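Going by our numbering, the final residue of the sequence shown carries number 102, and the count climbs one at a time with no gaps.
Everything below concerns the one structure shown next.
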Amino acid sequence: MVHPSYCHVWFLQNKVLSTGQAFCFLPLPVRTGLSVQVNGFFEVSSNRRGIWYGDDMDRSGKVRSTWNRLLLEDVVVPAFVHMLHC
17 MVHPSYCHVW FLQNKVLSTG QAFCFLPLPV RTGLSVQVNG FFEVSSNRRG
67 IWYGDDMDRS GKVRSTWNRL LLEDVVVPAF VHMLHC
């Protein structure tokens with residue numbers, strides 16, 4: 017299921033992206049490894065230099081990391097696949 021309110025995936029016409037960029041309203045210095053740009057409600061670090069991740073975290077860090085993983089797996093991937101089929 018695609019949840020457009022949590023994530024947007026888009027490509028730029030006439031421009032080939034080798035690796036797209038992640039956005040959380042504003043651009044993040046994070047490359048997605050996809051050929052599209054990804055804007056989502058990611059949990060970012062306090063300095064906005066990265067996206068929370070890792071399974072070795074406790075409490076709120078673990079929740080933030082889990083949110084980002086689920087956002088990628090359950091929202092970004094289906095949105096990307098949907099875009100490919102359009």
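The C-beta atom is built at its ideal place from N, Cα and C for all residues, glycine as well.
All values derive from a computational prediction rather than experimental measurement.
- Alpha carbon of V25 to alpha carbon of R75, nearest angstrom: By one-based count along the sequence shown, residue 25 stands at place 9. By one-based count along the sequence shown, residue 75 stands at place 59. A direct Cα-Cα distance of roughly 30 Å separates V25 from R75.
- Identify the continuous alpha helix (DSSP H) that holds G70 and give its terminal residues. As a working mapping, residue 70 is identified with position 54 in the sequence shown. Secondary structure note for G70: it is in no alpha helix (DSSP H), with a DSSP letter that is neither H nor E.
- Query: To the nearest angstrom, how far is it from the Cα of S62 to the Cα of Q53?
  - Reply: Counted from its first residue, the sequence shown places residue 62 at position 46. Counted from its first residue, the sequence shown places residue 53 at position 37. So the alpha carbons of these two residues sit roughly 22 Å apart.
- Task: Pick helix, strand or coil for N55, following the three-state DSSP scheme.
- Result: Along the sequence shown, read from residue 1 onward, the residue named residue 55 stands at position 39. The DSSP-derived three-state label of N55 is strand.
- Item | When F57, R47, G49 are compared against F41, the one with the closest alpha-carbon | On the sequence shown, position 25 is the one that residue 41 refers to. Considering only F57, R47, G49, the residue with the shortest C-alpha distance to F41 is F57.
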